[in-house]
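K.L.:
Protein chains in written order, with the numbering used here: chain A, 1 to 327; chain B, 1001 to 1165; chain C, 2001 to 2505.
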């Protein structure tokens, strides 16, 4: 259906404006977008992924990297299911790209009915990997991970961890702590990371596993304290915070911030967007943002990115199975 | 009116029951130690809808609400004609959006309404019907960057994009 | 005194020619975006954010804040002239603004809205300047139970809204609340009420889809039917003298303005609440304390003044936790927050110390933008009145076009446009039988805040509902809300009792 319609469009386009386009120089060379590009954001307005997507759009726009604008559309429904379906059914995949998070892996696993195979998406570029830390309020008096373990163990399920969403990153990390350190922390889901940070600062919850960008404000004011990071190495922004590996568990977990193309995107268009986002990645503004927000992960595109997806998908399958969220 | 009142209450009761049924896909109970399940809120509120319908029906039997006493027709011939011409027109307009895109559909709908329902002259009709899509395009597509669907007219817009961006 | 000095510095920063120009453009743009059904301050700010990277951060922020301000003024315009709320913040403005317009007093309603907005904004600015840091910590004390209690209070102030037919009012509220729960259940992460497995339901039902359906399409069908198509809209004649006399008359709404200004600000600073509940509560409270509550809904000046004062005041209030704590109080401030991060500013408790110039320049600009918004708004009133004088057979199709385009723009999904049509026709058919529709709109706005807060609270207390009564802030709010909900029932019983006594005696 979509293909036949695209053909008709193409034909009509060629007939009606063929003369116009043929007159312009250089159009036969590399692929260029001919109309505004749908830039689907797999999360709601105002959240971490949304901020990052709008930053990318702003960089493309202010440095005039593309001839047509990126038009951001938030599709947060169904933990990203809505965005995945919209991208899959896009009637012009060459002009449809999407910003993804880890729900790119977990949602198709949890909702197999959607019929989404993430390997059919075009690997445009992984722009960064966001990091996670364990935070508590300073008034709790807890200064180290060991003290946290002792206190959380003593409190049992009175100890509350707040996090974003259900069966997503934050709960996976909570589940990991529960299973590996003999805790029974209670997990309360919230809509976004900003809300979680505020809940912790207001002492309504006992701990959180926010990204640095979400907790930074309260960290700088001294309200919240990071205890341990879920990364392979210590974060440059928090040199005194040990990693979980130093605490005896070889475990690291990151959040992908990647741009993907809709399934069915042509190779030429894929190349175009890979180049475009490589430019964004190398821009001074993006690099500054990476540094300020303590992001990890270098640019990754093409087959390397696909291999990374494969690995992440299997990893999440395992974690979700252990948690009992999928069979 | 009187008949319409009870028929509507009945239909709304059916809607409530459907919503209650649909809510049972998730847990509608009060989970011990956790509070309400995922279906609790919609299920019990839909139950509230159902109770309201029963109450409306009781008022109907007792002839307490104004519509249950009225002998006026619910939809007279004017109302019905209006609903078909105007409501149908809007429905056609939205359907056309899928085919001609928003801008083509706006043009057709405005001509239909202003010329054939409003009986205004052709000059006024065309002036309004042609200006509106152009202003809308400039405001939404160009200024606000909200790209409205173009349907099969998309190729006509490609040169415009080249011009504006 | 130190604050006054800082404020003066701020005003000077705001008076920079570039900033003045940006403010003027900002409020004018905001006014039009706000007046467009389907688009509100969120859209305006989100869309124009990338355009601001050409100017320094302080100017960019001033520009966006001006749009925010302008949109708050603008929301009232479509509420009054078209009867469609331009944004959720202006829902309450339709209740009395629309009847005034139908009576030919659109000018009075528009002027009242503008003046009340100005007063609301000014009061909020003074409160903001004086109390920013201490108030910020109040916002932090509001946890889940407190916010749920607040939502309950918002409903309570609205019990009397629906009209005389109690079961139909209840039906409308329940329907709105059920529709609000469509989409994703965030507590279990499961999809919920996805009718017929249509993916369009996954993002839930946006309040605007219901509101534009009801107030755009439904209202038009209703008007055409009830007037038999012979409607000449309003006989509003416009002159300077009329505007001046309208200014004088709008003072009658002072009580509403005062209530809206203060209530709006305090609700605005609470996270997750924002301007919409603020304006609805202001309307409800004003009606409650009024000597003739019966006049509300039929074109009472106070009913226009209260929500308009409140939404402007709340929008300033919502900036407070954003700047001082880095917590957005509304979707719009969430986007502004994103912008600040892009400019390299870290909102949070330290901002007032590290970025004095930015913060006070912005605060200074609030005062000036507010004044500009008032002037620009008053200047455009003749244009809006002129629009109303178009023949109805031209105005009606234009409103249909605006509704359809606005319904699409809100979520950019055709599914929602169809849904809007269904709601519109349904609302028209139900309205013929005296079903009130406003409570459903209120419910779909507040439902998505109320439900998760209820369940998060209960998860905390392991299912014990006493959590709402035990806590020092939520306890009193909950009790007040319950009393307000029960009050009409008591009245009913008392009246019955009296009537029986009278009959017996």
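Note that the Cβ used here is the ideal one computed from N, Cα and C, for glycine as well.
Just so it is clear, the structure is predicted and the values come from calculations on it, not from any experiment.
Could you name the residues of chain F that residue 85 of chain A contacts, counting a contact when the two beta carbons are closer than 9 Å?
P.N.:
Of the chains in the structure shown, none is chain F; the protein chains are A, B and C.
K.L.:
For residue 2124 of chain C, which option in C:2012, C:2016, C:2257, C:2248 has the closest C-alpha, if you only look at C-alpha atoms?
P.N.:
Residue mapping note: residue 2124 of chain C aligns to position 124 of the third chain, counting from 1. Minimum Cα distance to residue 2124 of chain C is reached at C:2257.
K.L.:
Just how far apart, CA to CA, sit residue 107 of chain A and residue 1055 of chain B?
P.N.:
Working through the first chain from its first residue, we reach residue 107 of chain A at position 107. Working through the second chain from its first residue, we reach residue 1055 of chain B at position 55. Approximately 43 Å, taken between the alpha carbons.
K.L.:
Closer than 8 Å by beta-carbon distance: list the chain A residues that pair up with residue 1161 of chain B, in chain order.
P.N.:
The residue you call residue 1161 of chain B lines up with position 161 of the second chain. Near residue 1161 of chain B (Cβ distances below 8 Å), the residues of chain A are 34, 35, 36, 68.
K.L.:
Classify residue 2186 of chain C as buried or exposed, calling it buried when 16 or more other Cβ atoms lie within 10 Å of its own Cβ.
P.N.:
Along the third chain, one-based indexing puts residue 2186 of chain C at 186. By the neighbour-count rule (16 or more Cβ atoms within 10 Å), residue 2186 of chain C is buried.
K.L.:
To the nearest angstrom, how far is the alpha carbon of residue 2025 of chain C from that of residue 2063 of chain C?
P.N.:
Here residue 2025 of chain C is taken as the residue at index 25 of the third chain, counted from 1. Here residue 2063 of chain C is taken as the residue at index 63 of the third chain, counted from 1. Cα to Cα, residue 2025 of chain C sits roughly 8 Å from residue 2063 of chain C.
K.L.:
Could you pull out every residue in the same chain whose Cβ sits closer than 6 Å to the Cβ of residue 1148 of chain B, ignoring the five residues on either side in sequence?
P.N.:
Residue 1148 of chain B sits at position 148 when you count from the first residue of the second chain. Taken in chain order, the residues that qualify are 1102, 1140.
K.L.:
Given 7 Å as the limit, tell me if residue 1116 of chain B has its C-beta closer than that to any heavy atom belonging to the ligand COA.
P.N.:
Only the bare structure without any ligand can be found here, which leaves the ligand COA out of the picture.
K.L.:
Are any of the Cβ atoms in chain A nearer than 8 Å to that of residue 2492 of chain C?
P.N.:
As a working note, residue 2492 of chain C is residue 492 in the third chain. No, its Cβ sits nowhere closer than 8 Å to a Cβ of chain A.
K.L.:
Residues of chain C with a CB under 8 Å from the CB of residue 1077 of chain B: which are they?
P.N.:
Position 77 of the second chain, counted from the first residue, corresponds to residue 1077 of chain B. The contacting residues do not exist; residue 1077 of chain B stays about 12 Å from chain C at best.
K.L.:
So with CB distances below 8 Å, who are the chain B contacts of residue 2463 of chain C?
P.N.:
By 1-based counting over the third chain, the position of residue 2463 of chain C is 463. By Cβ distance, chain B contributes 1030, 1031, 1032, 1033, 1034, 1035.
K.L.:
Name the DSSP bridge partner or partners of residue 1046 of chain B?
P.N.:
By 1-based counting over the second chain, the position of residue 1046 of chain B is 46. Residue 1046 of chain B is not bridged to any residue.
K.L.:
Is DSSP giving residue 2205 of chain C helix, strand or coil here?
P.N.:
Numbered from its first residue, the third chain carries residue 2205 of chain C at position 205. Coil at residue 2205 of chain C, not helix or strand.
K.L.:
Can you name the residues of chain A whose CB is closer than 7 Å to the CB of residue 1147 of chain B?
P.N.:
Sequence index remark: in the second chain, residue 1147 of chain B carries index 147 (1-based). Result: 36, 71.
K.L.:
Whole beta strand (DSSP E) runs in the segment 86-145 of chain A with 3 or more residues, listed along the chain?
P.N.:
Listed in chain order, they are 96-100, 122-130, 133-137.
K.L.:
Is there a Cβ from chain A that is less than 8 Å from the Cβ of residue 1100 of chain B?
P.N.:
In the second chain, residue 1100 of chain B corresponds to position 100, counting from 1. Residue 1100 of chain B does not count as touching chain A.
K.L.:
Distance cutoff 8 Å, beta carbons only. Does residue 257 of chain A sit that close to anything in chain C?
P.N.:
As a first step, residue 257 of chain A is located in the first chain; it is residue number 257 there, counting from the start. It does not; no Cβ of chain C falls within 8 Å.
K.L.:
Any beta carbon from chain C within less than 8 Å of residue 112 of chain A's own beta carbon?
P.N.:
Within the first chain, residue 112 of chain A is the residue found at index 112, counting from 1. Judged by the 8 Å Cβ criterion, residue 112 of chain A is not in contact with chain C.
K.L.:
What did DSSP end up calling residue 2264 of chain C once you bin it into helix, strand or coil?
P.N.:
The residue you call residue 2264 of chain C lines up with position 264 of the third chain. Note: residue 2264 of chain C maps to helix in three-state DSSP.
K.L.:
Going by DSSP in three states, residue 2487 of chain C sits in which element: helix, strand or coil?
P.N.:
Locating residue 2487 of chain C in the third chain gives position 487, where the first residue counts as 1. Looking at residue 2487 of chain C - three-state DSSP - the assignment turns out to be helix.
K.L.:
Do residue 2073 of chain C and residue 2116 of chain C have their CB atoms nearer than 8 Å?
P.N.:
Here residue 2073 of chain C refers to the residue found at position 73 when the third chain is read from its first residue. Here residue 2116 of chain C refers to the residue found at position 116 when the third chain is read from its first residue. No. Outside cutoff.
K.L.:
Would you mind giving the Cβ-Cβ distance between residue 2276 of chain C and residue 2088 of chain C, rounded to the nearest angstrom? I have them listed as a contact below 8 Å.
P.N.:
As a position in the third chain, residue 2276 of chain C is number 276, starting the count at 1. As a position in the third chain, residue 2088 of chain C is number 88, starting the count at 1. Confirmed, about 4 Å.
K.L.:
How many angstroms separate the CA atom of residue 13 of chain A from the CA atom of residue 226 of chain A?
P.N.:
Translated into positions along the first chain, residue 13 of chain A becomes position 13. Translated into positions along the first chain, residue 226 of chain A becomes position 226. In this predicted model, residue 13 of chain A has a pLDDT of only 44, less than 50, meaning its place in the structure is not dependable enough to derive any value.
K.L.:
For the 8 Å Cβ check, are there 3 or more pairs between the segment 84-100 of chain A and the segment 265-272 of chain A?
P.N.:
Verdict: yes, contact present.
K.L.:
How should residue 164 of chain A be labelled, buried or exposed, when 16 other C-beta atoms within 10 angstroms of its C-beta is the threshold for buried?
P.N.:
The residue you call residue 164 of chain A lines up with position 164 of the first chain. By the 10 Å Cβ count, residue 164 of chain A comes out buried.
K.L.:
Per DSSP, which residues does residue 164 of chain A bridge with? Please list them.
P.N.:
As a working mapping, residue 164 of chain A is identified with position 164 in the first chain. Answer is A:190, bridged to residue 164 of chain A.
K.L.:
Hey, could you find the ends of the beta strand (DSSP E) residue 74 of chain A is sitting in?
P.N.:
Along the first chain, one-based indexing puts residue 74 of chain A at 74. Taken as a continuous stretch (DSSP letters only), the beta strand (DSSP E) holding residue 74 of chain A covers 70-74.
K.L.:
Measure the C-alpha to C-alpha separation of residue 2184 of chain C and residue 81 of chain A and round it to an integer number of angstroms.
P.N.:
For the purposes of this step, residue 2184 of chain C is identified with residue 184 of the third chain, where counting begins at 1. For the purposes of this step, residue 81 of chain A is identified with residue 81 of the first chain, where counting begins at 1. Rounded to the nearest angstrom, the two C-alpha atoms are 10 Å apart.
K.L.:
Which ranges does the alpha helix (DSSP H) cover as unbroken runs of at least 4 residues, wholly within the segment 2429-2493 of chain C, from first to last along the chain?
P.N.:
The segment 2429-2493 of chain C contains these whole alpha helix (DSSP H) runs: 2438-2460, 2467-2470.
K.L.:
Mind pulling the alpha helix (DSSP H) runs of 4 or more residues that sit fully within the segment 207-277 of chain A?
P.N.:
As far as the segment 207-277 of chain A is concerned, its whole alpha helix (DSSP H) runs of at least 4 residues are 212-220.
K.L.:
Taking the alpha carbon of residue 2082 of chain C as the reference point, which residue from C:2070, C:2095, C:2071 has its own alpha carbon closest?
P.N.:
Locating residue 2082 of chain C in the third chain gives position 82, where the first residue counts as 1. Taking only the C-alpha atoms, the option nearest residue 2082 of chain C is C:2095.
K.L.:
Could you work out which residue in A:52, A:252, A:156 is closest to residue 100 of chain A when comparing CA atoms only?
P.N.:
Your numbering for residue 100 of chain A matches position 100 in the first chain. Measuring from the Cα of residue 100 of chain A, the nearest candidate turns out to be A:52.
K.L.:
Can you list, in chain order, the residues of its chain whose CB lies under 7 Å from that of residue 253 of chain A, leaving out five sequence neighbours each side?
P.N.:
Position 253 of the first chain, counted from the start, is the residue given in the question as residue 253 of chain A. Hits under 7 Å: 132, 173, 230.
K.L.:
Label residue 2311 of chain C either buried or exposed according to how many other C-beta atoms from any shown protein chain fall within 10 Å of its C-beta, with 16 as the threshold for buried.
P.N.:
Stepping through the third chain from its first residue, residue 2311 of chain C is reached at position 311. Flag for residue 2311 of chain C reads buried.
K.L.:
In three-state DSSP terms, what is residue 2185 of chain C?
P.N.:
Within the third chain, residue 2185 of chain C is the residue found at index 185, counting from 1. Residue 2185 of chain C: strand per DSSP, three-state reduction.
K.L.:
If contact is defined by three or more beta carbon pairs under 8 Å, each pair taking one atom from either stretch, is the segment 115-130 of chain A in contact with the segment 286-297 of chain A?
P.N.:
Flag = yes, the segment 286-297 of chain A and the segment 115-130 of chain A touch.
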